[in-house]
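Worksheet for the structure shown next.
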Amino acid sequence: MKVLSTEIEIGAGRERVWEILADFDRYPEWNPFVRKIEGEKVVGGRLTVHIKPGDGKGITLKPEIVRFEKHEAFVWKGKLLIGGLFDGKHEFRLEPIDKDTTRFIHREEFTGILVPILWRMLEEDTRKGFIEMNKALRTAAEA
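Every letter in the sequence shown is one number past the one before it in the working numbering, and letter 138, counting from 1, is 185.
Written out as structure tokens, the structure reads:
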């Protein structure tokens, strides 16, 4: 397993940050990494997620929501072709620092037999994409 984890402090309460994070329709307006999300916001629901990692090529994923808790966390799990090859558990988590400050944790756990082969190719662009999204979320929430 490989884990890619980033975080950022945002000068806004969890409610405000969640409002932006959960508004899939507005992702194209502010999010440079997750360009678009379509689907039902329920555990077990399938999403169509369009991602553009850093300077890399855009990709479309069809993950399943495994956690969707208002003001706390949004987690999806996806796979390449079949489970066990290259799987990812993508997590957005909000932790209150105080009523006006939130720690946004953005991470992904990668598992599967192809991870050692693909890791070096995607780690840098994916990390860059996470950081760009984190900064854009902070800018949107603090506006």
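C-beta atoms are modelled at their ideal positions from N, C-alpha and C, and glycine is treated no differently.
From LEU169, LEU184, PHE115, THR158, pick the residue whose C-alpha is nearest to that of LYS104; which is it? In the sequence shown, residue 104 corresponds to position 57, counting from 1. Per the Cα distances, LEU169.
Buried or exposed for THR149, please, with buried defined as at least 16 other CB atoms from any protein chain shown within 10 angstroms of its CB. Here residue 149 refers to the residue found at position 102 when the sequence shown is read from its first residue. Per the 10 Å Cβ criterion, buried.
Over what stretch of residues does the beta strand (DSSP E) that includes GLU119 continue unbroken? Locating residue 119 in the sequence shown gives position 72, where the first residue counts as 1. Neither: GLU119 is in no beta strand (DSSP E) and is coded neither H nor E.
Within its chain, find whatever has a CB closer than 6 Å to the CB of PHE71; leave out the 5 residues flanking it on each side and keep chain order. For the purposes of this step, residue 71 is identified with residue 24 of the sequence shown, where counting begins at 1. ILE84, listed in sequence order.
Could you spell out the range, first to last residue, of the beta strand (DSSP E) harbouring VAL50? Translated into the one-based positions of the sequence shown, residue 50 becomes position 3. Start and end: 49-57.
Own chain partners of GLU134 with C-beta closer than 8 Å, once the 5 adjacent residues on each side are dropped: As a first step, residue 134 is located in the sequence shown; it is residue number 87 there, counting from the start. The sequence as given places Asp at residue 134; Glu does not occur at that position. Hits under 8 Å: LYS124, GLY125, LYS126, LEU127, PHE157, THR158, GLY159.
Whole angstroms are fine: how far does the CA of ARG73 sit from the CA of LEU94? Within the sequence shown, residue 94 is the residue found at index 47, counting from 1. Within the sequence shown, residue 73 is the residue found at index 26, counting from 1. Each residue's Cα considered, the two are about 16 Å apart.
Counting only the same chain and skipping the five closest in sequence on each side, list residues whose C-beta sits under 7 Å from that of LYS146. Numbered from its first residue, the sequence shown carries residue 146 at position 99. Cβ within range, chain order: GLY60.
Would you mind reading off the limits of the beta strand (DSSP E) that contains HIS143? The count along the sequence shown starts at 1 and reaches residue 143 at position 96. Checking the sequence, you will find Pro at residue 143 rather than His. Run containing PRO143: 134-145, per the beta strand (DSSP E) assignment.
Rank GLU111, HIS153, GLU189, ILE164 by C-alpha distance to the C-alpha of GLU179 and give the top, closest one. Counted from its first residue, the sequence shown places residue 179 at position 132. Measuring from the Cα of GLU179, the nearest candidate turns out to be HIS153.
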